[in-house]
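Worksheet: the structure to be examined is printed underneath.
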Amino acid sequence: MRLDGRTAIVTGGANGIGLAIVRRLVTDGARVMIADIDEAAGAAAVEAISGDGEVRFTAADVSERLDVHNLVARTIDAFGSINALVNNAGIVHAADFLDLTEADFDRVMNVNLKSAFLCGQAVARHMVERIGEGDEPGSIVNMSSINDTLAIANQVPYSVSKGGVSQLTGVMALSLAQHGIRVNAVGPGSIMTDMLASVADNPELRTRVLSRTPLGRIGDPSEIAAVTAFLLSSEASYVTGQTIYADGGRMPLNYTVP
Ligand code: NAD
Numbered sequence: 001m002r003l004d005g006r007t008a009i010v011t012g013g014a015n016g017i018g019l020a021i022v023r024r025l026v027t028d029g030a031r032v033m034i035a036d037i038d039e040a041a042g043a044a045a046v047e048a049i050s051g052d053g054e055v056r057f058t059a060a061d062v063s064e065r066l067d068v069h070n071l072v073a074r075t076i077d078a079f080g081s082i083n084a085l086v087n088n089a090g091i092v093h094a095a096d097f098l099d100l101t102e103a104d105f106d107r108v109m110n111v112n113l114k115s116a117f118l119c120g121q122a123v124a125r126h127m128v129e130r131i132g133e134g135d136e137p138g139s140i141v142n143m144s145s146i147n148d149t150l151a152i153a154n155q156v157p158y159s160v161s162k163g164g165v166s167q168l169t170g171v172m173a174l175s176l177a178q179h180g181i182r183v184n185a186v187g188p189g190s191i192m193t194d195m196l197a198s199v200a201d202n203p204e205l206r207t208r209v210l211s212r213t214p215l216g217r218i219g220d221p222s223e224i225a226a227v228t229a230f231l232l233s234s235e236a237s238y239v240t241g242q243t244i245y246a247d248g249g250r251m252p253l254n255y256t257v258p
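The sequence shown runs 1 to 258 under full-length UniProt numbering.
Laid out in structure tokens, this is it:
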């Protein structure tokens with residue numbers, strides 16, 4: 001198993017894409033700490049997956065420095081060290097640009113972008129310390145989006161935050177390469193989770209999304225988990241600073257699949 005003996009934190013791991021990543025990492029042999037604000041879903045995930053391997057849950061708002069500090073400490077307590085981090089937690093907030101409030105802008109930026117900085121820095125500091133004690137360098141994956149470059153109307157802070165996540169990925173990769181720590185991002189297209197419910201439940205919107213998706217279907221969370229597991233594994237040992245898009249070939253707004 002390609003992640004045998006590894007330990008990982010998955011933020012936002014109680015639902016959707018994060019939950020699929022947790023399942024995949026456990027299947028690949030890793031021990032996983034889920035960090036999420038959704039305590040009920042976190043507890044349910046632990047119960048559902050635990051038989052297949054070791055998975056634990058910490059309630060944490062990963063946009064809060066103190067919660068991140070506690071999360072890292074609890075994970076080290078539980079597993080001894082942290083070899084992998086998936087910065088997956090994310091939220092959307094739809095509002096017309098003219099009506100968007102400062103509080104809503106800040107909230108999305110903090111959950112989607114600042115959390116990746118806070119968790120990335122805290123875990124990377126731990127990894128660098130462990131490398132000094134003889135551990136193999138770890139690996140980090142940030143969850144970006146096709147909207148890191150494709151702007152969506154009414155999703156101002158989401159698009160801006162994901163642009164930041166892809167840029168943060170490159171900067172972290174450059175900064176941590178000297179320690180052998182690899183940092184990459186995954187850029188999903190439209191994936192069937194609660195976040196996409198507004199699209200999935202609206203036939204007109206769904207048709208429009210699919211008309212720009214050459215593979216002609218909405219993606220499954222397991223398809224993002226597979227790319228994430230690859231990037232974390234030693235099979236991707238020469239890959240760093242990349243954003244890998246898993247989007248069914250999604251095309252810009254002016255494109256329609258015949
Ligand atoms: P989701 O809403 O199903 O799950 C998000 C998870 O993050 C939830 O468990 C939620 O409780 C958790 N979360 C939210 N705020 C948090 C916080 N402050 N601290 C800790 N946990 C928090 O969404 P999803 O579709 O699974 O999205 C996961 C990631 O993938 C996000 O970063 C999202 O932007 C990205 N993404 C999703 C899609 C898609 O189509 N679903 C497309 C591109 C990118």
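Here a beta-carbon is modelled for each residue, glycine too, at the ideal position from N, C-alpha and C.
Given the structure is predicted, the values throughout are model-derived calculations rather than measurements.
Residues of its chain near Gly-163, where Cβ-Cβ distance is below 6 Å and the 5 sequence neighbours each way are ignored:
These residues qualify, in order along the chain: Asp-148.
From Asp-201 to Gly-132, what does the alpha carbon distance come to, in whole angstroms?
About 51 Å.
Determine the DSSP secondary structure at Phe-230, reduced to helix, strand or coil.
DSSP places Phe-230 in the helix class (H, G or I) of the three-state scheme.
Quick check on Leu-215: buried or exposed, where buried means 16 or more other Cβ atoms within 10 Å of its Cβ?
Its Cβ having fewer than 16 others within 10 Å, Leu-215 is exposed.
Ignore the nearest five residues each way along the sequence and tell me which others in Ile-218's own chain have a CB closer than 6 Å to its CB.
For Ile-218, where only same-chain residues beyond five positions count, the Cβ hits under 6 Å are Ser-190 and Met-192.
For Val-128, which option in Ala-35, Glu-47 and Ala-177 has the closest C-alpha, if you only look at C-alpha atoms?
Answer by Cα proximity: Ala-177.
Excluding five sequence neighbours on each side, which residues of the same chain lie with their C-beta closer than 6 Å to the C-beta of Gly-241?
Answer for Gly-241: Gly-170 and Ala-173, listed in chain order.
How long is the line joining the alpha carbons of Leu-113 and Glu-64, rounded to whole angstroms?
Cα-Cα distance, rounded: 12 Å.
Let me confirm a value: Pro-203 is counted as buried when at least 16 other C-beta atoms fall within 10 Å, else exposed. Which label applies?
Exposed is the call here.
Check whether the region 96-106 and the region 38-52 are in contact - that is, three or more C-beta pairs closer than 8 Å.
Too few Cβ pairs lie closer than 8 Å, so no.
DSSP puts Tyr-245 in a beta bridge; with which residues?
Bridge partners of Tyr-245: Gly-187.
Could you name the residues of the same chain whose beta carbon sits closer than 6 Å to that of Ala-59, not counting the 5 residues immediately before and after it, in chain order?
Closer than 6 Å at Cβ, skipping near neighbours: Glu-39.
Gln-155 versus Thr-243: straight-line alpha-carbon distance, rounded
Cα to Cα, Gln-155 sits roughly 21 Å from Thr-243.
Can you pull the DSSP bridge partners for Phe-57?
DSSP output for Phe-57 lists Ile-34 as bridge partner(s).
Within the continuous alpha helix (DSSP H) that includes Leu-168, where are the two ends?
Per DSSP, Leu-168 is one residue of the alpha helix (DSSP H) stretching across 156-176.
Thr-11 beta carbon less than 7 Å from that of Asn-87:
Against a cut-off of 7 Å, the Cβ pair of Thr-11 and Asn-87 comes out as a contact.
Which same chain residues end up closer than 8 Å to Gly-120 when comparing Cβ atoms and leaving out the 5 residues on each side of it in sequence?
Counting only Cβ-Cβ distances below 8 Å, and skipping sequence neighbours, we find Leu-85, Asn-87, Ile-140, Asn-142, Leu-168, Met-172 and Val-183.
Could you check if Pro-157 is buried or exposed, using at least 16 other CB atoms within 10 Å of its CB as the buried criterion?
Pro-157 should be labelled buried.
So, using beta-carbon positions, are Val-62 and Ala-35 closer together than 7 Å?
The answer is yes: Cβ separation under 7 Å.
C-alpha gap between Gly-29 and Asp-67, whole angstroms
Distance between the alpha carbons of Gly-29 and Asp-67: 27 Å.
Spatial neighbours of Ile-17 within its chain, please: C-beta separation below 8 Å, excluding the five flanking residues on both sides.
Asn-88, Met-143, Pro-188, Ile-191, Thr-193, Pro-221, Ile-224 and Ala-225.
Residue from Glu-54, Val-32, Val-186 and Asn-15 with nearest C-alpha to Gly-42:
For Gly-42, the closest C-alpha among the options Glu-54, Val-32, Val-186 and Asn-15 is that of Asn-15.
Is it the case that the CB of Ala-122 approaches a heavy atom of the ligand NAD more closely than 6 Å?
The answer is no for Ala-122.
Assuming Ala-44 is part of the alpha helix (DSSP H), what are its boundary residues?
First-last of the alpha helix (DSSP H) with Ala-44: 39-49.
Provide the residue(s) that pair with Met-195 in DSSP beta bridges, ordered along the chain.
Paired residues: none, contrary to the question.
I need the DSSP call for Thr-27, collapsed to helix, strand or coil.
Thr-27 falls in the helix class under three-state DSSP.
Coarse secondary structure for Thr-101, derived from DSSP in three states
Here Thr-101 sits in coil by DSSP.
Just the C-alpha distance for Ser-233 and Met-195, rounded to the nearest angstrom, thanks.
The C-alpha of Ser-233 lies about 27 Å from the C-alpha of Met-195.
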